[in-house]
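In my numbering, the protein residues as written are 49 to 573.
For reference, the structure is listed below as C-alpha cells.
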Ligand code: 5AD
Ligand code: SF4
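Printed below as a string of C-alpha cells:
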C-alpha cells in the first residue's frame with residue numbers, strides 16, 4: 049500500500065488530547081504501529097492502556113519467540129557512545145534495566161554513571177505510587193537543562209509510567225524535549241527505537257497496550273553474585289488500588305524448560321543466588337494449556353540445580369498452595385524466606401482491595417508455613433489509609449502484624465492511581481491521620497524486627513559475603529539465607545563466599561556476627 053493511500057486515522061486509543069490529528073500525516077502502518085508525522089514530529093503509536101478494555105482479557109495465545117537478535121546494521125550504532133539508565137521502582141524494573149543494558153552493550157555502547165558524559169539517558173520509571181512519578185517528573189526538569197547544553201543527547205522515558213495515558217500526555221505536552229518514549233512491552237524494540245530517534249531526530253513514541261509475546265534470548269547484563277530471573281510477566285489479580293495489571297499486562301508464564309536452562313547457565317557462570325521474579329509468582333503456569341506445571345513444580349526443579357540459593361518475589365497469599373509449602377520445606381537451596389504481602393489486617397478492607405482472602409485465611413496460611421518451616425522469615429507489604437479505612441480497621445492491621453511477627457515489611461500510604469477502581473472510592477481519611485498510622489505501623493515493625501534479631505543472638509548462620517560495608521571498609525557485609533543483613537569482620541578475599549558465623553549483636557535492621565571458619569568455597573564471581 050502506498051503512503052498516500054493511508055488516510056490519517058486515529059489510533060485505537062484517543063490521543064487527540066495531546067496531538068492535533070487534523071494535521072497528521074500517516075507515514076507507515078503495520079500490524080502493530082502507525083507512524084505519524086504530527087506538527088513536525090515523528091510519532092509511532094500503537095495504543096496506550098485502556099482500563100476498561102484491559103479487564104476484559106481474553107485467552108489470546110501468547111507466542112514464545114526464540115529468534116531475537118539485534119540486526120547486524122545496528123550492532124555498531126553505539127561505538128564510541130555512552131549510555132546511562134536510571135531505574136526507579138521494583139526488581140522487575142531493575143531486571144528490565146539489565147536487559148536494556150545487555151542490548152546497549154551488544155550495540156557497542158559503554159556504560160557511564162556520569163550524566164554529563166552520556167550520549168543516551170533512559171529513565172526506567174515506576175508508576176506504583178504518586179511519589180514515584182513525582183521523582184521522574186523532577187528528574188525530567190533537570191534533564192531539560194542538560195539537553196539544552198548538549199542537544200545531541202538522546203533522552204528516553206520507559207517503564208511503567210509510559211504505559212499510562214495521562215502520563216504520556218503530560219510528558220508530550222510539558223517535556224517535549226525528550227526523544228523517546230516506550231512502554232514495558234516494547235523493551236525488545238530498543239535498538240530500532242534508538243535508530244529511529246537518531247535518524248528522525250524527532251520524538252519517537254511506542255507504547256503497545258496489548259502485552260507482547262514472550263521474547264526469549266534477550267541479552268542481559270548482570271553484575272555481582274546474585275541474579276534475577278523472570279519466570280512470568282504481568283498480573284491478572286486486579287487488586288483495586290494497583291496499576292500493575294494495566295502497566296504490565298496479562299499474566300504470561302515463561303516455559304519451565306527456558307527458566308531451568310537460564311538458572312543452570314547462571315549456576316555454571318558462578319552466580320551464588322537467583323531470585324525468581326513475577327508480580328504474582330503463585331499464578332505461575334496457570335496459563336499453560338498443554339501441561340500441568342505450577343510454581344511448586346518449578347521450585348522442586350530449582351532444588352535440583354546446583355546453585356546455592358533460590359529465592360522468589362512476590363507471592364500472593366490467595367494462591368499459595370500446600371504443594372508449594374511442602375516443596376519449600378525440603379530446604380536445600382530453597383531458602384527460608386517468603387515475601388508475602390498482606391496489605392491489610394482487616395477483612396473488610398481486604399474485600400474492598402479485592403485481595404480475595406480474609407484476615408483469618410492469611411493467619412491460617414502463615415501458621416501453616418511456620419509449622420512446615422519453623423525458622424522461616426516472613427516479610428510483607430502493607431498499605432495504610434486505604435479509602436474509608438477506620439481506626440478500628442487500622443488496629444486490625446497492627447494486631448495482625450504482631451500476631452504474624454513479620455521480620456520486615458514495606459509500608460505505604462495509599463496513593464490513588466488514575467483509572468483503578470479504588471481511585472473512584474470516597475477517600476475520607478485525612479492525610480494527617482494516614483501519616484500518623486504509617487508512623488505507628490513503622491514503630492511496630494521496627495520493634496518486631498529488633499525482637500526477631502535478638503532471638504538470633506548466639507545462633508550460627510550461613511552468610512553470603514557480598515562486599516565491604518558501606519560505612520567501614522574493614523567490615524564485610526552479607527546476607528543470611530533468610531535475607532537478613534549481616535556485618536562481620538574479615539578480609540576482602542571472602543567476598544563472594546559463604547561462611548558460617550555466630551550472631552553477636554542485634555540491631556533493628558541488621559545483625560553483627562563473627563566468622564567461625566574460613567570460607568568453604570573460593571570466590572568465583
Ligand atoms: N498505593 C500505595 N501502595 C501501593 N502498592 C501498590 N499500589 C499501591 C497504591 N496505589 C503497594 C502494595 C504492593 C507494593 C508493591 O506496592 O503494597 O504490594
Ligand atoms: Fe498489584 Fe500485586 Fe495485586 Fe497484582 S497482585 S494487582 S501486582 S498488588
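Quick reminder that beta carbons are idealized off the backbone N, C-alpha and C, glycines included.
Asked: Per DSSP, the bridge partner or partners of residue 534; Found: 526, 559
Asked: Local conformation of residue 429 per DSSP, three classes; Found: strand
Asked: Selection from 519, 509, 287 that minimises the alpha carbon distance to residue 559; Found: 509
Asked: Chain D within 8 Å of residue 475, Cβ atoms only; Found: Judged by its chain identifiers, the structure shown contains no chain D, having just a single protein chain.
Asked: Contact test: residue 292 Cβ vs ligand 2 heavy atom, cutoff 7 Å; Found: yes
Asked: Alpha-carbon spacing of residue 95 relative to residue 370, whole angstroms; Found: With a pLDDT of only 49 at residue 95, under the threshold of 50, the placement of this residue in the model should not be trusted; the figure read from the coordinates follows. Near 41 Å, if we compare the C-alpha coordinates of residue 370 and residue 95.
Asked: Beta carbon of residue 428 nearer than 8 Å to that of residue 288; Found: no
Asked: Closest by C-alpha distance to residue 463, when choosing among 475, 455, 273, 556; Found: 475
Asked: Residue 57 versus residue 210 - alpha carbon distance; Found: Residue placement at residue 57 is flagged as unreliable, the pLDDT there being 39, under the threshold of 50; the coordinate-derived value follows with that caveat. Each residue's Cα considered, the two are about 22 Å apart.
Asked: Under the three-state DSSP convention, the category residue 292 falls into; Found: helix
Asked: Per-residue burial, residue 159 [other beta carbons within 10 Å of its own, 16 or more giving buried]; Found: exposed
Asked: Any heavy atom of ligand 1 within less than 6 Å of residue CB: hits in chain order; Found: 176, 177, 289, 290, 389, 391, 429, 431, 460, 462, 463, 465
Asked: Identified DSSP bridge partners for residue 549; Found: 509, 563
Asked: Assigned exposure category for residue 441 - 16 Cβ within 10 Å defines buried; Found: buried
Asked: Per-residue DSSP class, three states only, for residue 442; Found: helix
Asked: Runs of alpha helix (DSSP H) lying entirely within the stretch 388 to 434, each at least 4 residues, in chain order; Found: 395 to 400, 407 to 420
Asked: Residue 483: CB within 7 Å of a non-hydrogen atom of ligand 2; Found: no
Asked: Simplified DSSP assignment, three categories, for residue 516; Found: strand
Asked: Contact check, residue 587 vs residue 254, beta carbons under 8 Å; Found: There is simply no residue 587 to check, as the chain begins at 49 and stops at 573 in what is shown.
Asked: Through-space distance from residue 422 to residue 414, alpha-carbon basis; Found: 11 Å
Asked: Residue 128 versus residue 226: straight-line alpha-carbon distance, rounded; Found: 22 Å
Asked: Residue 490: CB within 7 Å of a non-hydrogen atom of ligand 2; Found: no
Asked: Cβ contact check for the stretch 528 to 535 and the stretch 465 to 485: 3 or more pairs under 8 Å; Found: no
Asked: Buried or exposed by the 16-neighbour rule on C-beta atoms within 10 Å, applied to residue 495; Found: exposed
Asked: Burial state of residue 141 (16 or more Cβ within 10 Å); Found: buried
Asked: Backbone CA spacing between residue 359 and residue 322 [nearest angstrom]; Found: 6 Å
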